[in-house]
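Chemist:
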Amino acid sequence: MKRKTFALSILLVAVFTILVVGYAEDRENDKLIQYKLLTTIDIPGDLTGFDISWVDSESGRYYLANRGNATATPPVSPSISVIDTRHNKFLYAIPMATGGNGVAAIRRIGDDDDDDDGRGTLVVGGTDSTAIFIDLARPFAPPVTVSTGGNNRADELAYDPLHHIVLIANDRDTPAPFVTFISTAGPPHLLGKIVYDGTSGNPQSTGGIEQPVWDGSKKRFYIAIPSTSANPNGEVDEIDPVTMKITRVLPTTCGPAGLVLIPGQHLMTSCGDVITIATGAVVHVAGVGGDEIWFNRGDERVYFGGGLDRISVPVVSALPPYNLITTLVVGQILVPPPNAANHTTHSVAADSELNRIFVPVTHEGVKVYTDDRDNGREREDD
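According to numbering that gives the first Met the number 0, the sequence shown is numbered sequentially starting from 0.
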């Protein structure tokens with residue numbers, strides 16, 4: 000009996016040890032992951048200037064706001080570069096009458112729930128202070144444009160699919176930056192604005208307006224403000240899309256630019272602050288930086304476009320303890336300058352179906368990375 004009890008005890012200890020080790024290895028797995036460069040996709044015109052990019056994982060398309068190259072022979076006009084994410088292939092460029100900045104693909108526009116082609120609509124912030132709506136079933140047809148009424152560019156944007164509202168920021172407008180609400184229920188049309196001038200109970204921005212995000216659970220937009228007169232280290236503002244009012248101000252510690260919603264109803268900023276939405280408390284600072292950032296739900300990681308040096312992409316776990324997993328070095332600073340020849344980035348997007356990371360780099364193209372877990376293989380149904 001004692002021998003059986005002893006043997007059983009040994010077995011239980013062994014099983015418990017395996018479970019603990021397995022759990023520990025799983026918790027540490029992110030630290031062991033190595034990324035690899037799958038390919039670099041050439042973009043016509045040398046990709047001398049670009050801004051925000053977006054992946055629609057469902058349709059397998061990557062969209063990049065390409066500002067063109069006026070000095071090329073022949074000159075390259077502004078466009079939206081379109082890439083097939085399943086085959087890592089440049090498909091075509093959608094011509095633009097003005098340079099693009101922020102970009103996002105939305106799956107529904109108007110009152111018709113049927114979407115036969117599955118492409119949806121691409122919304123682009125134009126340098127001429129317009130929001131540009133491109134029907135992706137007919138990408139070369141004339142787009143619908145809605146003026147935001149500003150004197151500078153319309154930039155980053157987010158979409159509320161519940162109320163069919165686009166929020167887009169005029170980050171550099173004078174005398175004060177503002178955000179615009181545009182309805183997509185029917186033909187796109189202007190609903191209203193929030194002006195960051197310190198009047199009507201609104202904050203006074205002293206550092207522009209940056210990346211917004213939609214939270215379907217809270218039914219609110221959240222937007223990164225690098226600095227205000229009340230919060231010189233920045234804030235994240237909570238916005239009600241129906242009343243078009245700021246409902247809460249969440250102070251930050253480090254002047255955020257990028258912003259994403261991550262699991263557990265938290266927000267992560269491009270300077271690493273992790274904010275609990277329920278309380279507004281900053282629960283952790285990851286010690287990383289970047290410009291535009293992207294949360295990939297496929298691997299539950301956040302990718303920081305450009306890093307702190309404009310040539311890297313730090314990768315941070317979106318789950319506690321929010322550890323830095325690795326840093327992808329994607330570009331290079333040539334010594335000595337000219338700066339125009341530098342290979343830099345500030346934008347990133349990911350295909351959550353394939354866990355492929357798309358990083359545009361000036362003078363190189365769009366670099367595609369993956370980690371060793373799937374080796375960049377396509378799914379069986381592709």
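Even glycine gets a Cβ: it sits at the ideal position worked out from N, Cα and C.
Quick one: complete beta strand (DSSP E) runs, 3+ long, within the stretch 207 to 272?
Modeler: Qualifying beta strand (DSSP E) stretches, in chain order: 211 to 214, 219 to 224, 234 to 239, 244 to 250, 258 to 261 and 265 to 268.
Chemist: Classify Gln33 as buried or exposed, calling it buried when 16 or more other Cβ atoms lie within 10 Å of its own Cβ.
Modeler: With fewer than 16 Cβ atoms within 10 Å of its Cβ, Gln33 is classed as exposed.
Chemist: How far does the beta strand (DSSP E) with Thr369 in it extend, from its first residue to its last?
Modeler: Gly364 to Asp370 is the extent of the beta strand (DSSP E) around Thr369.
Chemist: Is the distance from the Cβ of Val273 to the Cβ of Ile292 below 9 Å?
Modeler: Result no, Cβ atoms of Val273 and Ile292 do not sit closer than 9 Å.
Chemist: Would you identify the three-state DSSP class for Ala69, choosing helix, strand or coil?
Modeler: Coil, per DSSP.
Chemist: In terms of alpha-carbon separation, which member of Glu237, Val360, Asn232 and Asp170 lies closest to Ile221?
Modeler: Reading off the sequence, residue 221 comes out as Tyr, not Ile. Checking every option, the nearest Cα to that of Tyr221 belongs to Glu237.
Chemist: Can the beta-carbon of Ala223 be found closer than 9 Å to that of Gly257?
Modeler: Yes; because the gap between Cβ atoms is below 9 Å, this pair is in contact.
Chemist: At 4 residues or longer, what runs of the alpha helix (DSSP H) sit wholly inside the stretch 122 to 185?
Modeler: None, since the stretch 122 to 185 contains no complete alpha helix (DSSP H) of that length.
Chemist: Identify, in the order they occur along the chain, each residue of the same chain with its Cβ nearer than 6 Å to the Cβ of Ala104, setting aside the five sequence neighbours on each side.
Modeler: Trp53, Asp55, Gly119 and Leu121.
Chemist: In chain order, what residues of the same chain lie with their CB nearer than 7 Å to the CB of Thr395, ignoring the 5 residues before and after it?
Modeler: The requested residue 395 is not part of the displayed model; the chain covers only 0 to 381.
Chemist: Using DSSP with H/G/I as helix, E/B as strand and the rest coil, what is Ala280?
Modeler: Looking at Ala280 - three-state DSSP - the assignment turns out to be coil, as it is neither helix nor strand.
Chemist: What does DSSP give as the partner residue(s) for His86 in the beta ladder?
Modeler: DSSP, once it has assigned bridges, lists no residue as partnering His86.
Chemist: Per DSSP, what are the beta-bridge partners of Asn386 in this structure?
Modeler: The first residue shown for the chain is 0 and the last is 381, placing residue 386 beyond what the model contains.
Chemist: Does DSSP put Ala348 in a helix, in a strand, or in coil?
Modeler: Three-state DSSP puts Ala348 in a strand.
Chemist: With distances taken Cα to Cα, identify the nearest neighbour of Gly98 among Val143, Val312 and Ile131.
Modeler: The candidate whose alpha carbon is nearest that of Gly98 is Ile131.
Chemist: Relative to the C-alpha of Asp370, which residue among Leu333, Ile324, Gly364 and Asp239 is closest?
Modeler: Among Leu333, Ile324, Gly364 and Asp239, the Cα nearest to that of Asp370 is on Ile324.
Chemist: Does DSSP put Ala103 in a helix, in a strand, or in coil?
Modeler: Strand at Ala103.
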